[in-house]
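What follows is a single structure, written as structure tokens, with notes after it.
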Amino acid sequence: MSTSAGQTTVPFSLPSFAAEVGDAVVKVLDSGWVTTGPQTAEFEQDFADFLGAEHVVAVASCTAAIELSLRALELPPGSAVLTPSLTFCGAINAILHAGHRPVLVDIDEDTLVPSPATVEAAAARARPAAMVVQNQAGYPVDVPALAGAAGLDRSRVVEDVAHGPGAARGGVPVGADSQAACFSFYATKNLPIGEGGAVATRDAAFAERVRSLRLHGMSKDSWRRYLPGGSWSYDVKKLGLKANMTDVQAAIGRAQLHALPEWQRRRAELAARYDEALRGLPGVVLPQRDLGDGVQHAWHLYQVRVPGREAVITELEKAGVSTSVHFIPAHQLTVYRDLLDDHELGPLPATDRVAEGLLSLPLYPRLGDAAQDRVVDALAGALRSRG
Ligand SMILES: *Cc1c(COP(=O)(O)O)cnc(C)c1O
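Pasting the structure below:
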């Protein structure tokens, strides 16, 4: 694409694919087994090794991973489940589809994730049975602190880590020590497959429940029935979803995993370059994070806050720079205003204040230094032209 100035545009996101992906896909197609099977099992093991997790169950999406995790927790129907309002709609839908009630939590204005104080305030509005936390932009939340503030055991926390992998807290990779860490392999995410997701857990019985629920609730999937000694017989004990990962996706994921450390390194480098270039730019609030003490950011997004966001986005578009917004808070969206009660919707004063200025700048391994410099110049120009 070209702008009127004749320059190519800087897209908001471009997925990277490792060189071996093509061959890996052809091999699966030639193998005669394309749905969930041996490649999926290998991917689960490779991803578990990468995270240092005990069990990984690969699924169709992060949205499905969250819903399956909530179902596998076997909470009483209609349970209150805390979740930030500043998250992706799919994460809220997953709570509702699992038969529960989202109770929206405010954020800390600096880190853009809930704090123990905002969680405590939400828990006072409705006593939660579980909580979904979200690593906004890739910044790892302090799960034990937030669970404590909610009055919940850590085993009742589902972690939406669509913006990981690659993050760590206390030197422990996100997902290595979780009841349910839910990853996304959507096209724009750090480990792109196109579509896909996974649940990482330290709980073997929980992993088995998710494994069964991802394929209708069947006691054995077709690969396990097909293996030597397998039989045609199965039972369906719980109501599940059709949310399995295919071997085609898994083969892509395995090839992609080899490249992930290098991609994560480049993301961190680009984030540091943004920090350096944007520091001191009048009007811009840079992301604040406490990155001491073994905290590793996954750098899925680089979010700034700007005044007059709509005009800034238009100016950036004119300069050939595409941006995005993460997110429109759930309590501002029609369906949740229709479905949720007042005490579930808020109040969320910090989310309201922060959300109107949030702007996500391009950040992905294929973004070159020169293209990033164009983003910085365009942003500086857009803010200047506002006066
Ligand atoms: C992308 C995203 C999801 C959904 O991921 P899918 O794999 O597309 O279902 C969930 N939560 C957050 C925070 C996301 O950014």
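Using the working numbering, the letters of the sequence shown correspond one by one to residues 755 to 1141. Backbone N, C-alpha and C define an ideal beta-carbon position, used for all residues, glycine too.
Review point. Buried or exposed: E913, going by 16 or more other Cβ atoms within 10 Å of its Cβ?
Key: buried
Check your understanding: Using CA coordinates, which residue listed in P870, L824 and E863 is at the minimum distance from P856?
Key -> L824
Practice item. Quick one: which unbroken alpha helix (DSSP H) runs of 4-plus residues sit fully inside the stretch 867-894? Chain order, please. Key: Within the stretch 867-894, the complete alpha helix (DSSP H) segments at least 4 residues long are 870-879, listed from N- to C-terminus.
**Study point:** Length of the line joining the Cα atoms of L945 and P898
**Key:** Distance between the alpha carbons of L945 and P898 is about 26 Å.
Review point. Per the contact definition of three or more C-beta pairs closer than 8 Å, is the stretch 1018-1034 in contact with the stretch 1084-1092?
Key: Taking a cut-off of 8 Å for Cβ pairs, the stretch 1084-1092 and the stretch 1018-1034 do not touch, as fewer than three such pairs fall below it.
Exercise for review: Examine the Cβ distances between the stretch 837-846 and the stretch 1079-1086 and report whether three or more of them are shorter than 8 Å.
Suggested key: Touching, yes, given that three or more Cβ pairs across the two stretches are closer than 8 Å.
Review point. According to DSSP, what are the bridge partners of P927?
Key: A922
Check your understanding: Taking 7 Å as the line, does the beta carbon of Q888 fall inside it for any heavy atom of ligand 1?
Key -> yes
Check your understanding: Which residue spans inside the stretch 805-865 form an unbroken alpha helix (DSSP H) run of at least 4?
Key -> 816-827 and 843-851
Check your understanding: What residue range is occupied by the uninterrupted alpha helix (DSSP H) comprising Q1126?
Key -> D1123 to S1139
Review point. Once you ignore the five residues that flank G929 on each side, which residues in its own chain have a CB closer than 6 Å to its CB?
Key: If you ignore the 5 residues before and after G929, its C-beta comes within less than 6 Å of the C-beta of L805, A807, A935 and A954, all in its own chain and listed in chain order.
Check your understanding: Can you list, in chain order, the stretches of the beta strand (DSSP E) that have 3 or more residues and sit fully within the stretch 1072-1117?
Key -> 1112-1115
**Study point:** DSSP three-state assignment for S938, whether helix, strand or coil
**Key:** strand
Review point. First and last residue of the beta strand (DSSP E) that includes Q1050?
Key: Premise fails: Q1050 is in no beta strand (DSSP E) and is neither H nor E.
Exercise for review: Confirm, please, whether the CB-CB distance from G1135 to E1069 is below 8 Å.
Suggested key: yes
Review point. Is the closest heavy atom of ligand 1 to the C-beta of F842 under 7 Å?
Key: yes
Review point. CB of H917 to nearest heavy atom of ligand 1: below 7 Å?
Key: yes
Exercise for review: Examine ligand 1 and report whether any of its heavy atoms sits within less than 7 Å of the Cβ of S932.
Suggested key: no
**Study point:** Stretch-stretch touch, CB-based, cutoff 8 Å, three pairs: the stretch 789-803 with the stretch 844-855
**Key:** no
Point to revise | Rounded C-alpha distance that separates G1048 from N998 | key: Going from the Cα of G1048 to the Cα of N998 covers about 34 Å.
Review point. Where does L969 fall in DSSP's three states?
Key: strand
Point to revise | Neighbourhood of M755 by C-beta distance below 6 Å, restricted to the same chain and skipping five residues each side | key: Per-residue confidence for M755 stands at a pLDDT of 46, beneath the threshold of 50, marking its modelled position as unreliable; no derived number is given.
Exercise for review: Identify which residue in K781, A814, F801 and A772 has its Cα closest to the Cα of T1000.
Suggested key: Ranking K781, A814, F801 and A772 by CA distance to the CA of T1000 puts A814 first.
Review point. Count the other CB atoms within 10 Å of the CB of D989; is the residue buried (16 or more) or exposed (fewer)?
Key: Exposed.
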